[in-house]
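A short worksheet on the structure shown next.
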Amino acid sequence: MPVDYDDGDGKTIDLMYGVLRSTSLSPARDPVIYLHGGLGGGELASMTNALAERLATLRARRDVVVFDQRGSGFSPGEIECNEVFAANSDAAFAAAEDIADSSGMNLGAAASEYLIPLCVAHLNEQGVGLKNYNTVTNARDVVRVAELLGFLQFQHLRAFLRHTARVGSAAAEPTRTALHPARLRAAYRGGLA
Numbered sequence: 001m002p003v004d005y006d007d008g009d010g011k012t013i014d015l016m017y018g019v020l021r022s023t024s025l026s027p028a029r030d031p032v033i034y035l036h037g038g039l040g041g042g043e044l045a046s047m048t049n050a051l052a053e054r055l056a057t058l059r060a061r062r063d064v065v066v067f068d069q070r071g072s073g074f075s076p077g078e079i080e081c082n083e084v085f086a087a088n089s090d091a092a093f094a095a096a097e098d099i100a101d102s103s104g105m106n107l108g109a110a111a112s113e114y115l116i117p118l119c120v121a122h123l124n125e126q127g128v129g130l131k132n133y134n135t136v137t138n139a140r141d142v143v144r145v146a147e148l149l150g151f152l153q154f155q156h157l158r159a160f161l162r163h164t165a166r167v168g169s170a171a172a173e174p175t176r177t178a179l180h181p182a183r184l185r186a187a188y189r190g191g192l193a
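As numbered in my numbering, residues 1 to 193 make up the sequence shown, in order.
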């Protein structure tokens, strides 16, 4: 994928994907493109029988495309903060206890509150264009993945949990226009609120 769709400098990033083929002998021609929820999580690393079972109803009629969005899972692009996280994990969890005690937040989320600004500062120092890691760019990636796989139309399923409900809500309207409505046949959201 292009790092920046609006800048023709030729820089690209890899997006990792998987196609779960339909169990039907004559599947519908428009697949479902499943997008994970969560903050930078990704779906491919946790691809398990449980996910395949959750998607079994969809696969009875059509293929399901699963991919890690840019900046997530096996598609980190330019986003790499493992060294920052490793160097600051002790301080993060010490701070997380204070944050969790005062806010009721769980320790993992509280540690993220401490680490994310450090990661952003690191990425800015590295000259990473964070402007290319957003909902609209992810929507453009969805279209591009569908095109590269030869799908003329597709359906979009976004799963999200409580902490990504804002992202899911924000994505609902811009996604429809950013995804070229002639190609997007349907959009679904679901999850735990």
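Just so you know, even glycine gets a beta-carbon here, dropped at the ideal spot from N, CA and C.
The criterion of a C-beta distance shorter than 9 Å is not satisfied by residue 19 and residue 90. In the DSSP secondary-structure assignment, residue 2 is bridged to 12. A distance below 6 Å between beta-carbons, with the five flanking residues on each side excluded, links residue 77 to the following residues of its chain, in chain order: 13, 70, 71.
Here the region 44 to 55 does not lie against the region 80 to 88, with fewer than 3 beta-carbon pairs under 8 Å apart. The three-state reading of DSSP puts residue 151 in coil, since its state is none of H, G, I, E or B. Out of 103, 104, 35, the CA that lies nearest to the CA of residue 143 is found in 35. Within the model, the alpha-carbon separation for residue 24 versus residue 75 is close to 30 Å.
In terms of Cα proximity to residue 151, the closest of 120, 31, 100 is 31. With a contact defined as Cβ atoms closer than 8 Å, residue 66 and residue 149 miss out at about 12 Å. Under the DSSP assignment, residue 108 falls in the alpha helix (DSSP H) whose first and last residues are 107 to 125. Around the beta carbon of residue 73, 16 or more other beta carbons lie within 10 angstroms, which makes this residue buried.
Counting every other CB atom within 10 Å of its CB across the protein chains shown gives residue 140 a total of 16 or more, marking it as buried. By the neighbour-count criterion, in which 16 or more other beta carbons inside 10 Å mark a residue as buried, residue 68 falls on the buried side.
By a beta-carbon distance limit of 8 Å, residue 88 contacts residue 118. Their separation comes to about 6 Å. Per the coordinates, the alpha-carbon of residue 92 lies some 44 Å from the alpha-carbon of residue 153.
Here the alpha carbon of residue 95 sits roughly 18 Å from the alpha carbon of residue 120. For residue 59, the closest alpha carbon among the candidates 84, 128, 21, 26 is that of 21. Along the length of the region 67 to 94, whole alpha helix (DSSP H) runs at least 4 residues long do not occur.
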